[in-house]
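Contents: one structure, followed by commentary.
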Amino acid sequence: MSLTQVRPSPPAAPRHSASGGKAKQWWYRFDTRTMPYFLIAPFFVLFAIFGLFPLIFNAVVSLRHWRIDEPDKTGWAGAENFTRLFSDGDFWNALLNTFGIFILSTVPQLLLALILANLLNHKLRATVFWRVAVLLPYVTPVAASTLLFAMFFQTDSGMANWFLSLVGFGEEEPLNWRAEKWSSWIAIATMVNWKWIGYNALLYLSAMQAIPRDVYEAAAVDGAGPQRQLWQITVPMIQPVVIFTVVLSTIGGLQLFNEPMLFDENPALASGGSDHQWQTIAQLIYRVGWRDLNLGYAAAMSWALFLIILVVAAINALLTRRLGGGK
Amino acid sequence: MERFGRRALRTAVAGVAATLLLASCSGEKLAGNDTSEGGAEQITLKVNFFGDMGQEMLKERFEKANPNIKITLNSAEYNVHHEDLQKKLVAGSGAPDVVAIDEGFMVQFKNQSDKFVNLLDQGLGSAESRYLPWKWKASMSSDGKQIGLGTDVGGLAMCYRTDLFKEAGLPTDREAVSALWPTWDKFIETGKTYTAATKKKFIDSGTNLFNPVLGQQPVGFYSEQEQLQMEGGPKVAFDVSMKAIDAGISANLVSFQPGWNQGFTGNKFAVLACPAWMLGHIQQTAPSTKGKWDIAAIPGGGGNWGGSWWSIPAQTKNAEAAAKFIDFATQPEQQIEVFKTVGNLPSQPALYKDQAVLDFKHEFMSNAPTGQIFAKTAESLQPQYLGKKNGKTREGVEAVITQVQQGKVKTTEAWPKAVAAAEKAANS
Chain A
-5 MSLTQVRPSP PAAPRHSASG GKAKQWWYRF DTRTMPYFLI APFFVLFAIF
45 GLFPLIFNAV VSLRHWRIDE PDKTGWAGAE NFTRLFSDGD FWNALLNTFG
95 IFILSTVPQL LLALILANLL NHKLRATVFW RVAVLLPYVT PVAASTLLFA
145 MFFQTDSGMA NWFLSLVGFG EEEPLNWRAE KWSSWIAIAT MVNWKWIGYN
195 ALLYLSAMQA IPRDVYEAAA VDGAGPQRQL WQITVPMIQP VVIFTVVLST
245 IGGLQLFNEP MLFDENPALA SGGSDHQWQT IAQLIYRVGW RDLNLGYAAA
295 MSWALFLIIL VVAAINALLT RRLGGGK
Chain B
-2 MERFGRRALR TAVAGVAATL LLASCSGEKL AGNDTSEGGA EQITLKVNFF
48 GDMGQEMLKE RFEKANPNIK ITLNSAEYNV HHEDLQKKLV AGSGAPDVVA
98 IDEGFMVQFK NQSDKFVNLL DQGLGSAESR YLPWKWKASM SSDGKQIGLG
148 TDVGGLAMCY RTDLFKEAGL PTDREAVSAL WPTWDKFIET GKTYTAATKK
198 KFIDSGTNLF NPVLGQQPVG FYSEQEQLQM EGGPKVAFDV SMKAIDAGIS
248 ANLVSFQPGW NQGFTGNKFA VLACPAWMLG HIQQTAPSTK GKWDIAAIPG
298 GGGNWGGSWW SIPAQTKNAE AAAKFIDFAT QPEQQIEVFK TVGNLPSQPA
348 LYKDQAVLDF KHEFMSNAPT GQIFAKTAES LQPQYLGKKN GKTREGVEAV
398 ITQVQQGKVK TTEAWPKAVA AAEKAANS
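Chains A and B, in that order, are what the protein sequence lines are.
Counting in the working numbering, the final residue of the first sequence is number 321, and the numbers go up one at a time with none missing.
Counting in the working numbering, the final residue of the second sequence is number 425, and the numbers go up one at a time with none missing.
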């Protein structure tokens, strides 16, 4: 804001250099009033091209018939693509899968991140090492880590089943992680958690370090144990960051694509399992758009997803605000 | 108000200026690309394929014969390969100069014959005499354009592991093994014997019984009127695969995927339905099993599964060179070489009587006379009409078979689900 404010204009220029003064004045006004818009414009231009335009174009497409494999079928569809969503079993199944995996990944993820950050906030040996170490999964490319996880969760030779067999599960018949909804959800949520816990922990840690020590000391004097300090001092005081991570992981969780995609035995199909056990909405959009080549319907799905994310992110932000807002 | 208007105007002007700046940058880059032309005209042909079509050998020989043409090869997964082609045909750009098309997708593409170069215009009409009549006809559009030159047909046989058969106390000799399974029922019985003796699974997957049995039926998923016909051939094939799964002889792997590839070396299965092109897959994925495979007759006799064409998308700027390539690739000398190195069975009947083919012994497959075995199957081939949505339909039914193998669906309840999946694909 302060940039756009006009400073008191310079004292009136002496008469004899009127023309030069005018140009100078013009330049001065241009510099203070117009220049800031130029400087900030690239962001908005890029946003308009890569954010706003696709959004609007998508909305237009979602109201039309557009099939790549049947070029003759064009024209306005009205709300047809959207009404079809309500009776489409695949869409509801994908919605269920998305929310299931979202809850299985977001809740443990943020809780564990909080606990991890709390631990890192204590005096430890080799602090820097631990802090860098928790960030490593975040740095690993999703494709690489997911392929490893796909092997980890293999039926016959996967390590997950080996661990289970150590505690006596599935020695006779090893668990087929891809067969059922619950097992595939757990597997995918594990990949998401593994990647994001460290990242969120570091965000929490940086917020925690801004909390003055004397608050804790006062609480300790009043007899608050570590548990109580965490929930009644730390969490409320880092609340803005908590809201930020909740909203971000909501958006990321509802758009989940890479992990479920590469978890499939034949990723090219984008089917999310033999019976779509773990097909997420993003995957379904990809499948309808680029495999069934039904762009209109895929666009309607994208818009539905967009609206769902808006609503869920808003609800989550509100809930989190309440949660931390004391009592 | 007035102030606000001016501010908005300034913002807009700034925006336009920035856009122009961006546009001019990218324009410069594009212009720089065009000016690299020197000396003799050098042509690069982009060739997209799937599986193994003997492409390395073709590239080497063709480049040697045509020093001004370079070949670049790109391979992709079967479904992705064909869907990618479809997208690029509609988009009007990005398609390769030469592309392989499998029979499962041929009907879909020949219905868009305007998107392909008519090979009759390239002087390749004379190639007709080389081909099995139905192979030539299968890639011809209804208005008489020829959009592809055939490469192979998928005559069927049954590959089996001699070492594992020996362990199970089964015969290992080709003739004796063929005599074990004149029918699919007998085949499943043999599987039970094997599994009982070794505690190992006999076949790789129910889907790899479904496909060859379907290939033996007179009518596949679709009639020539594009009507889905699930109660005919598909039902017969589905029942055979269910019976095998019930018998507990299937390793329940997903074919052409990593787990299946590991199954070759892990001895997870002892037989594999072998269209001729499968030999290439086996050599590629499990080179360490060399000499452990042999080839017997397929139960039920005859049948076709797969087989491809080389086509030229109309977007190409090098139609002439591309035509030269596919003509070269389908010449008898090259087809025989592909047959010897990869295993793909040519679709040219003269070659079935060619001495080089008949005398050939496939070293990898225990010196089986693949020429004689597959030439015999090819002569009795009954071509099947494959509908426009054949690829998607098969994928849907295969997914149901996978569900059965995962224990999610009982074999007795699977058929209605398969019909529903097929109908969904047909109407998608």
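Heads up, the beta-carbon is just placed ideally off N, CA and C, and yes, glycines get one too.
Bear in mind the structure is a predicted one, so any value in this text is a computation, not a measurement.
Cβ-based contacts, 8 Å cut-off: residues of the region 271 to 303 of chain A near chain B: 284, 285, 286, 287 and 288
Tell me residue 272(B)'s beta-bridge partners as DSSP assigns them. 153(B)
What did DSSP end up calling residue 273(A) once you bin it into helix, strand or coil? coil
Have a look at residue 159(A) and residue 235(B) and give me their C-alpha separation to the nearest angstrom. 35 Å
Cutoff 7 Å; reference residue 369(B); Cβ partners in own chain excluding five residues on either side: 355
Quick one: list the residues of chain A neighbouring residue 76(B), beta-carbon separation under 7 Å, in chain order. 262 and 263
Which of the residues in the region 52 to 86 of chain A, read from start to end, lie with their CB under 8 Å from any CB of chain B? 62, 63 and 65
Find the residues of chain B that neighbour residue 17(A), judging by a C-beta separation of less than 8 Å, and give them in chain order. Per Cβ cutoff of 8 Å: no residues; residue 17(A) is ~19 Å from chain B at best.
Would you call the region 142 to 151 of chain A and the region 161 to 175 of chain A touching, i.e. three or more CB-CB distances under 8 Å? yes
Under the three-state reduction of DSSP, which class applies to residue 433(B): helix, strand or coil? Residue coverage of chain B in this structure runs from -2 to 425, which leaves residue 433(B) outside it and unanswerable.
Report the neighbours of residue 404(B) on chain A: residues whose CB is nearer than 7 Å to its CB, in chain order. 173
How many Å lie between residue 353(B) and residue 334(B) at the Cα? 10 Å
What residue range does the beta strand (DSSP E) around residue 147(B) cover? 145 to 147
Can you list, in chain order, the residues of its chain whose CB lies under 6 Å from that of residue 45(B), leaving out five sequence neighbours each side? 71, 93 and 96
Closer than 7 Å between beta carbons: that is the criterion. Which residues of the region 67 to 92 of chain B meet it against chain A? 74, 76, 77, 80, 83, 84 and 87
Going along chain B, which residues have a C-beta under 7 Å from residue 259(A)? 251, 254 and 256
Chain-ordered residues of the region 152 to 186 of chain A with a beta carbon less than 8 Å from chain B: 170, 172, 173 and 174
Simplified DSSP assignment, three categories, for residue 349(B): helix
If you run the structure through DSSP and keep just helix, strand and coil, what is residue 172(A)? coil
List, in chain order, every chain A residue whose beta-carbon is nearer than 7 Å to that of residue 409(B). Within 7 Å Cβ-Cβ: nothing; residue 409(B) doesn't reach chain A, min ~17 Å.
Along the chain, where does the alpha helix (DSSP H) that runs through residue 405(B) open and close? No alpha helix (DSSP H) contains residue 405(B), which DSSP labels as neither H nor E.
Please look up how many angstroms separate the CB atoms of residue 189(B) and residue 144(B), rounded, as I've assumed it's under 8 Å. So it is not a contact: roughly 46 Å between Cβ atoms.
For residue 312(B), return the contacting residues in chain A, with the cut-off set at a CB-CB distance below 8 Å. Under the 8 Å cutoff, chain A gives no residues; its nearest Cβ is about 15 Å from residue 312(B).
So, using beta-carbon positions, are residue 248(B) and residue 200(B) closer together than 9 Å? yes
At a CB-CB cut-off below 8 Å, which residues of chain B make contact with residue 139(A)? By Cβ distance, chain B contributes nothing, its closest Cβ being about 16 Å from residue 139(A), past 8 Å.
Taking DSSP as the reference, what is the three-state secondary structure of residue 132(A)? helix
When the cut-off is 9 Å and only beta carbons count, does residue 192(B) lie next to chain A? no
Take the Cβ of residue 23(B) as the centre, count every other Cβ of all protein chains shown within 10 Å, and call the residue buried at 16 or more, exposed below. Residue confidence is low: residue 23(B) scores 43 on pLDDT, short of 50, so the model does not pin down where it sits. Its coordinate-derived value is still stated next. That one is exposed.
Are the C-beta of residue 397(B) and some C-beta of chain A separated by less than 9 Å? yes
Under 9 Å, Cβ to Cβ, is there at least one residue of chain A near residue 259(B)? yes
If we define contact as Cβ-Cβ less than 9 Å, is residue 138(B) a contact residue for chain A? no
Spatial neighbours of residue 84(A) within its chain, please: C-beta separation below 8 Å, excluding the five flanking residues on both sides. 270, 273 and 278
So which residues of chain A does residue 425(B) contact, with C-beta pairs closer than 8 Å? 286 and 288
Continuous beta strand (DSSP E) stretch holding residue 55(A): start and end: Segment 47 to 56 is the alpha helix (DSSP H) holding residue 55(A); no beta strand (DSSP E) there.
Quick check: the region 136 to 154 of chain B against the region 294 to 305 of chain B, are there 3 or more CB pairs under 8 Å? yes
Determine whether the Cβ of residue 392(B) lies closer than 9 Å to any Cβ atom of chain A. yes
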